[in-house]
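Trainee: Taking my numbering, the leading residue of the sequence shown gets 5, the next gets one more, and so forth.
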Amino acid sequence: MSLYEAVRDAIRAEEEVAMATVVELTDPADWESQPAEGEVMPRLGAKIVVRPDQPALGTTGDADLDRVIARDALAALESGLTGTRHYGRHGQANQREVVVFVEAFARPPLMVIFGAVDFTAALARVAKVLGYRVVVCDARPVFATTARFPQADEVVVSWPDRYLDTIADQLAPRDAVCVLTHDPKFDIPAIVAALRTRVGYLGAMGSRRTHAERTARLLEAGAAEADLVRVMGPIGLDIGARTPEETAISICAEIIALRVGGPGPGGVTSLRDSRGPIHQDAGVPSATD
5 MSLYEAVRDA IRAEEEVAMA TVVELTDPAD WESQPAEGEV MPRLGAKIVV RPDQPALGTT
65 GDADLDRVIA RDALAALESG LTGTRHYGRH GQANQREVVV FVEAFARPPL MVIFGAVDFT
125 AALARVAKVL GYRVVVCDAR PVFATTARFP QADEVVVSWP DRYLDTIADQ LAPRDAVCVL
185 THDPKFDIPA IVAALRTRVG YLGAMGSRRT HAERTARLLE AGAAEADLVR VMGPIGLDIG
245 ARTPEETAIS ICAEIIALRV GGPGPGGVTS LRDSRGPIHQ DAGVPSATD
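1. Using a Cβ-Cβ cut-off of 7 Å (strictly less than) and excluding sequence neighbours within five positions of Lys132, which residues of its own chain qualify?
2. Between the alpha carbons of Arg221 and Thr185, how many angstroms are there, rounded?
3. Can you give the beta carbon distance from Thr251 to Ala126, rounded, assuming they're within the 8 Å contact cut?
4. Within 10 angstroms of the Cβ of Ile15, are there 16 or more other Cβ atoms? Answer buried if so, exposed if not.
5. Residue range of the alpha helix (DSSP H) that Thr185 falls in?
6. Within a Cβ cutoff of 7 Å, which residues of the same chain sit near Arg202, ignoring the five residues on either side of it in sequence?
7. Do you know offhand how far Val121's Cα is from Phe147's?
8. Between Leu199 and Ala257, what straight-line distance do the alpha-carbon atoms span, to the nearest angstrom?
9. Taking its Cβ as the centre, do 16 or more other Cβ atoms sit within 10 Å of Lys51, making it buried, or is it exposed?
10. Give every residue of the same chain whose Cβ lies closer than 6 Å to the Cβ of Ala77, excluding the five residues on either side of it in the sequence, and list them in chain order.
11. From Val103, Val44, Thr63, pick the residue whose C-alpha is nearest to that of Val26; which is it?
12. Quick one: grab the DSSP three-state call for Glu224.
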């Protein structure tokens with residue numbers, strides 16, 4: 005089987021796969037004129053194919069370079085990002101002798117939304133625009149229906165923690181869990197279960213008072229205080245969102261900001277890290293209370 009066939013078959017089987025290709029060799033003439041003993045120059049166009057939990061396929065001609073490229077290709081799958089990497093001839097960092105293009109065929113990121121509420125429909129719509137596979141989960145069958153959430157890829161009638169137990173191994177840093185239930189009997193088990201996974205974003209809706217009470221309940225339920233820093237609550241960036249649609253945008257903006265390692269543009273911060281009322285105008289009900 006060729007490497008292209010391996011990639012094709014993985015994609016057809018909806019399995020994650022990445023192909024790394026050597027696209028440039030700097031100063032190849034110098035390499036050929038001064039080879040070290042036993043050294044084999046990486047081949048232009050050489051490819052390596054990687055899949056999670058499987059041996060890498062292909063070679064550049066250098067075992068050390070192969071190992072580093074395979075490691076970085078798996079990392080590209082984890083992040084879902086296609087891009088270019090630079091190495092020394094044996095995979096050394098901070099060198100540019102070998103240029104490799106890594107194409108990642110990763111599954112769409114998953115967003116699990118707990119709570120069949122008005123904000124859920126808006127969040128599902130915005131998340132789909134960003135390329136997420138969206139699952140809405142609620143234990144109440146009268147509310148958790150496809151008619152109410154047509155944008156969701158799947159609507160699950162289940163207790164949040166029970167559903168998370170079925171997908172815990174699938175959740176990865178690109179995925180998100182958003183708890184919009186506003187009900188301790190739902191959101192406490194959901195957050196505790198989510199904290200046991202590798203999910204990259206975990207947000208919970210509610211006012212500052214609600215979140216303070218929720219934090220106390222989480223500690224009583226056995227959540228470690230050090231783990232609670234992962235919980236973005238109140239959920240979203242502090243952009244003054246009021247409507248369900250605006251709140252959905254603030255949540256997705258916070259997910260993007262955390263993914264790139266910092267706050268939003270212009271110094272916008274998360275509601276969790278700001279102070280004072282979520283909404284400043286008196287008499288206007290809070291979208292997150």
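Yeah, the Cβ is synthetic: ideal placement off N, Cα and C, and Gly gets one too.
Keep in mind it's a predicted model, so treat the numbers as computed, not measured.
Mentor: According to the data block:
1. Cβ-Cβ distances below 7 Å link Lys132 to Val138, Gln155 in the same chain, with the five nearest sequence neighbours on each side left out; the list follows chain order.
2. When rounded, the distance between both Cα atoms is 15 Å.
3. 7 Å
4. Counting of Cβ neighbours within 10 angstroms places Ile15 among the exposed residues, the total staying below 16.
5. Where Thr185 is concerned, there is no enclosing alpha helix (DSSP H), given that its DSSP letter is neither H nor E.
6. Leu175, Ala176, Pro177
7. 8 Å
8. 21 Å
9. For Lys51, the number of other beta carbons within 10 angstroms of its own is at least 16, and it is reported as buried.
10. Ala22, Ala24, Val54, Val106
11. Val103
12. Three-state DSSP puts Glu224 in a helix.
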